[in-house]
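J.:
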Amino acid sequence: MTGMGFITPIGKDLETVWTSLVEGVSGVGLITHFDTTAYPTKIAAEVHDFDPEMWMDRKTARHIGRYCQFALAASLQALDQSGLDPRSMDPDDVGVIVSSGIGGMEEIERNHTALLERGVRRISPFMVPMMIADMAAGIVSMQTGARGINFAIVSACASSGHGIGEAAEIIRRGDAVAMLAGGAEATITPLTMGAFCQIKATSERNDEPQAACRPWDLGRDGFIMGEGAVMMVLERMDHAEARGARVWGEIAGYGASSDGYHFTAPNPEGEGAARAMRKALAKSGYSPDQVGYVNAHGTSTKLGDIAETKAIKSVFGAHAAQLPVSSTKSMHGHLLGAAGALEAAATILALDRGVLPPTINLDSPDPECDLDYIPLRARPKKVDLAISNSFGFGGHNATLVIRAAESTLEVPVLQ
Amino acid sequence: MTSNLKFSELQELAAEILGVEPDQVGLEKSFARDLAADSLDLVELIAAVEDKYDVELPEDTLEAMHNVGDLWEFLQANARQEA
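Chains as they are written, first to last, in our numbering: chain L, 151 to 565; chain U, 18 to 100.
#1: At the level of alpha carbons, what is the spacing between P236 (chain L) and P507 (chain L)?
#2: If I measure Cβ to Cβ from L512 (chain L) and keep anything under 8 angstroms in the same chain, skipping five residues before and after, which residues do I get?
#3: Do you know offhand how far E361 (chain L)'s Cα is from T187 (chain L)'s?
#4: If I measure Cβ to Cβ from T169 (chain L) and keep anything under 8 angstroms in the same chain, skipping five residues before and after, which residues do I get?
#5: At a cut of 8 angstroms, does the segment 547-563 of chain L reach the segment 475-489 of chain L through at least three beta carbon pairs?
#6: Which residues bound the alpha helix (DSSP H) around I2 (chain U)?
#7: Closer than 9 angstroms between beta carbons: that is the criterion. Which residues of the segment 61-79 of chain U meet it against chain L?
#8: Specify, as a first and last residue, the run of the alpha helix (DSSP H) that N84 (chain U) falls within.
#9: Tell me whether L23 (chain U) is buried or exposed, calling it buried when 16 or more other Cβ atoms sit within 10 Å of its Cβ.
#10: Which partner residues of Q447 (chain L) appear in the DSSP bridge assignment?
#11: Under 8 angstroms Cβ to Cβ from T182 (chain L), same chain only, skipping five residues before and after it: list those, please.
#12: To which residues of the same chain is H312 (chain L) closer than 8 angstroms at the C-beta, ignoring the five residues directly before and after it?
#13: Closest Cβ-Cβ distance between L92 (chain U) and chain L: below 8 angstroms?
#14: Starting from L453 (chain L), follow the alpha helix (DSSP H) in both directions and report where the run begins and ends.
#15: Is any beta-carbon of chain U found at less than 8 angstroms from that of F184 (chain L)?
#16: Using a C-beta cutoff of 8 angstroms, does M18 (chain U) count as contacting chain L?
#17: Below 8 angstroms, how does it come out for the segment 418-426 of chain L and the segment 381-393 of chain L: are there three or more Cβ pairs, yes or no?
#18: Please confirm whether E458 (chain L) and H447 (chain L) have their CB atoms less than 8 angstroms apart.
#19: How long is the line joining the alpha carbons of A264 (chain L) and G245 (chain L), rounded to whole angstroms?
#20: What's the C-alpha gap between E335 (chain L) and P275 (chain L)?
#21: Under 8 angstroms Cβ-Cβ, which residues of chain L neighbour L35 (chain U)?
#22: Just how far apart, CA to CA, sit G399 (chain L) and S291 (chain L)?
#23: Suppose the cutoff is 7 angstroms on Cβ atoms and the five residues either side in sequence are ignored; what does the same chain contact list for Q440 (chain L) look like?
#24: Please list the terminal residues of the continuous alpha helix (DSSP H) segment that includes L35 (chain U).
#25: Compile a chain-ordered list of the residues in the segment 265-298 of chain L whose CB is closer than 7 angstroms to at least one CB of chain U.
#26: Quick one: does R212 (chain L) have its CB under 8 angstroms from some CB of chain U?
#27: Should S310 (chain L) and G487 (chain L) be called a contact, given that it needs their Cβ atoms to be closer than 8 angstroms?
#28: Return the CA-CA distance between M381 (chain L) and F220 (chain L), expressed in angstroms with no decimal places.
#29: Kindly indicate if chain L contains any beta-carbon less than 8 angstroms away from that of L88 (chain U).
#30: Thinking G215 (chain L) and E257 (chain L) are a contact (beta carbons under 8 angstroms), I'd like their distance in whole angstroms, please.
#31: Determine whether the beta carbon atoms of R50 (chain U) and D71 (chain U) lie at a separation below 8 angstroms.
#32: Using beta carbons (cut-off 8 angstroms, strictly below), is L22 (chain U) in contact with chain L?
#33: Do T342 (chain L) and M255 (chain L) have their CB atoms nearer than 8 angstroms?
#34: For chain L, find out if any of its Cβ atoms is closer than 8 angstroms to the Cβ of L57 (chain U); answer yes or no.
#35: Kindly indicate if chain L contains any beta-carbon less than 8 angstroms away from that of H83 (chain U).
#36: Between G369 (chain L) and L180 (chain L), what straight-line distance do the alpha-carbon atoms span, to the nearest angstrom?
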């Protein structure tokens, strides 16, 4: 991993995001994107003051959806940090995966309103390219010159966990030298928020937005919708070393599974999540005892918090009692299809900087959730190996194993 | 027949949709060649022009127009908008 880009509720560049993570800054506030008078949930983690024309020309900005604008801005940051230019190498060797859980909801809603109120001829000819969930990957290719393997992965809130894992596999199997991989989402819209309110999945702690996302805390009452994009440059190690790129961390393993259980609820024993973690560790060649940090999916819902806690205990056994686990969602909210990418990036930064980000708002832990969740404050700790979990509606589970660039661990010989 | 339309308003409208500066939208400019408008842009432009000027602008009519001046003449002859 040689570069990262961020458009998030807690910062629109790496250093701001990192400062927010270690200082426990919440990006949650009252929704400003639309009138929430009739909504039980009136809070979300919005991206504020995003000017797409900092990253693209006016016409491009006008013709792509908000989630695509985020993806392009984050991709350009990641390439800039990495120093990789697809146009200065064989562009067919650079692929793009931008995952999104939903795609361009705002654009669907706007055009549906136009259809009902003003008729079929007022549907924008750009609606389809603005809303389809694969378009971010297409736009990033058009704007960066990366012409290799290119698509989107849609697996709800696990989308970019899968995206980064699959991108690493694409490089490993030789189909690309480098991949731009991550996720983008922009679903703080009237229809989407209303739909999540109807599932009773979102927090209604409207009077204390910054305290609303409280994974593993007894006072939790649902997740907080976020928006944004995080993209990273993954690159074959010998290629990165040959060009002298700074390596921030490594994707050492990836495992995925399905609960096969329910539309929206996780398996209450966390059985599917545990299988994803075990597979990822097995593929990395490391043992559970070598893991020093878990960046949890941790959405701040009772069912999810308990299931993930049980899953971690079943995978790590006695080691779970000493294993620090945190949910950075407590700060940046739930970016749905971009969540896995933001959390993988947070994990890489935690290993790089030797500081584990906290779970903020964890004042009164649920007795059923009894791991070390790094409550309230960041913890300085040098860790060589971590995992990042992402789970999605539909029962999709993805786990990434991340190794520090400066790791003292031996690289296992894989079969 | 309305003769009190302001050309600057059409310039601003077209500029917004085509992603150019208003003063680039000159009477002699071709939509496709000079203003880089593709077929999707023109569909969007038709909708915006119809709304603003309360006219019907069939797609083949716009396609038959060579430049911004042709559209401007059409609007002056057909617009029902009160300026």
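Here a beta-carbon is modelled for each residue, glycine too, at the ideal position from N, C-alpha and C. Note that the coordinates shown come from a computational prediction; the quantities given were computed from them, not determined experimentally.
T.: With the given structure in hand:
#1: So the two alpha carbons sit approximately 33 angstroms from each other.
#2: Correct list, in chain order: R364, P365, W366, D367, S480, Y523, P525, L526.
#3: First, the amino acid is wrong: residue 361 (chain L) is Ala here, not Glu. Rounded to the nearest angstrom, the two C-alpha atoms are 21 angstroms apart.
#4: Taken in chain order, the residues that qualify are G161, V175.
#5: Output reads no: the segment 475-489 of chain L does not touch the segment 547-563 of chain L.
#6: Residue coverage of chain U in this structure runs from 18 to 100, which leaves residue 2 (chain U) outside it and unanswerable.
#7: For the segment 61-79 of chain U, which is checked against every Cβ of chain L, the residues closer than 9 angstroms are E61, I63, A64, E67, D68.
#8: N84 (chain U) -> no alpha helix (DSSP H), and no H or E assigned at all.
#9: Looking at the sequence itself, residue 23 (chain U) is Lys, so the reference to Leu does not match. Exposed, since its Cβ has fewer than 16 Cβ neighbours within 10 Å.
#10: Residue 447 (chain L) is actually His in this sequence, not Gln. Partner(s): none; H447 (chain L) has no beta bridge.
#11: Taken in chain order, the residues that qualify are E196, H198.
#12: Correct list, in chain order: S249, I303, S305, A406, G490, S540, H546, A548.
#13: No, L92 (chain U) lies away from the interface with chain L (no Cβ there is under 8 angstroms from its Cβ).
#14: That run of the alpha helix (DSSP H) goes 452-466.
#15: Chain U, which has no Cβ nearer than 8 angstroms to the Cβ of F184 (chain L), makes this no.
#16: Note on M18 (chain U): pLDDT 49, under 50, position unreliable in the model; no value is reported.
#17: With a cut-off of 8 angstroms, the segment 381-393 of chain L and the segment 418-426 of chain L do not count as touching, because too few Cβ pairs lie within range.
#18: Yes, they are a contact pair.
#19: A direct Cα-to-Cα measurement between A264 (chain L) and G245 (chain L) gives close to 36 angstroms.
#20: Each residue's alpha carbon lies about 22 angstroms from the other.
#21: Neighbours of L35 (chain U) in chain L, taken as residues at a C-beta separation under 8 angstroms, are given in chain order as K209.
#22: When only Cα atoms are considered, G399 (chain L) and S291 (chain L) end up about 24 angstroms apart.
#23: Once the five neighbours on either side are set aside, the close Cβ partners of Q440 (chain L) are L535, L559.
#24: 24-35 is the span of the alpha helix (DSSP H), which, as asked, contains L35 (chain U).
#25: Contact annotation: in the segment 265-298 of chain L, residues whose CB is within less than 7 angstroms of a CB in chain U are R271, R272, S274, P275, F276.
#26: At least one chain U Cβ lies under 8 angstroms of R212 (chain L).
#27: In terms of Cβ geometry, S310 (chain L) and G487 (chain L) form a close pair [threshold 8 angstroms].
#28: The straight-line gap from Cα to Cα measures roughly 10 angstroms.
#29: With 8 angstroms as the cut-off, L88 (chain U) does not count as an interface residue toward chain L.
#30: Yes, they are in contact, since the Cβ atoms of G215 (chain L) and E257 (chain L) sit about 5 angstroms apart, within 8 angstroms.
#31: Not closer than 8 angstroms, so no.
#32: No - not a single Cβ of chain L is within 8 angstroms of the one on L22 (chain U).
#33: Taking 8 angstroms as the Cβ cut-off, T342 (chain L) and M255 (chain L) qualify as a contacting pair.
#34: Closer than 8 angstroms to the CB of L57 (chain U) there is at least one CB belonging to chain L.
#35: Closer than 8 angstroms: no.
#36: So the alpha carbons of these two residues sit roughly 19 angstroms apart.
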